[in-house]
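Visitor: Going by numbering that gives the first Met the number 0, the final residue of the sequence shown carries number 103, and the count climbs one at a time with no gaps. Think of the CB as a built atom: it goes at the ideal place given N, C-alpha and C, for glycine as much as any other residue. Quantities reported herein were computed from a predicted structural model and do not represent experimental measurements. Sharing a structure here in structure tokens format.
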Amino acid sequence: MAEPKPRCTRQETAVAWASSHAGELAGVTVPLAAGAVWSPWMWLLSAGVAGVWARHEILLVRRTRAARQVTGTARQLTRAEEPGRDVDHEIATPAGARGKEAKA
């Protein structure tokens, strides 16, 4: 049986996202900074790049919706097979209530 992958922390996830989108981030922030320093007209370039980036991300989400749903279902099934886990209870319990139950 294959070992499950260790979960990434939020910081690791954020760093991975930022490094994979470094080009888009630079395309938005460099003209934005240039607009603050030299000419406010540069802000239009920043807004244009941001608009193209947003359109690309929206289309990507729409194209990969089915694949992400299958992956999410597989992830839930894998978590359900872990010994000592009550996945149905985890899904049904609100996040705030989990902490209260753990203290009790």
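1. Any chance you could list the alpha helix (DSSP H) runs of at least 4 consecutive residues sitting entirely within the segment 1-31, in chain order?
2. Classify V37 as helix, strand or coil using the three-state DSSP reduction.
3. Return the CA-CA distance between V51 and T8, expressed in angstroms with no decimal places.
4. By the 10 Å Cβ neighbour count, where 16 or more other Cβ atoms means buried, how is V14 classified, buried or exposed?
5. Below 8 Å on the Cβ atoms is my contact criterion, and I expect G34 with V48 to pass it. Report the Cβ-Cβ distance as a whole number of Å.
6. To the nearest angstrom, how far is the alpha carbon of S38 from that of L24?
7. Between S19, L44, Q68 and P5, which has its C-alpha nearest V29's C-alpha?
Guide: Walking through what the data contain:
1. 9-19
2. Indexing the sequence shown from 1 puts residue 37 at position 38. As written in the sequence, residue 37 is Trp, which differs from the Val given in the question. Three-state result, W37: coil.
3. Taking the first residue of the sequence shown as position 1, residue 51 is located at position 52. Taking the first residue of the sequence shown as position 1, residue 8 is located at position 9. Per the coordinates, the alpha-carbon of V51 lies some 30 Å from the alpha-carbon of T8.
4. Position 15 of the sequence shown, counted from the start, is the residue given in the question as residue 14. By the 10 Å Cβ count, V14 comes out exposed.
5. Walking along the sequence shown from the start, residue 34 turns up at place 35. Walking along the sequence shown from the start, residue 48 turns up at place 49. That pair is no contact at about 12 Å.
6. The count along the sequence shown starts at 1 and reaches residue 38 at position 39. The count along the sequence shown starts at 1 and reaches residue 24 at position 25. Using only the alpha carbons, I get a separation of about 20 Å.
7. For the purposes of this step, residue 29 is taken as the residue at position 30 of the sequence shown. Ranking the options by Cα distance to V29, first place goes to L44.
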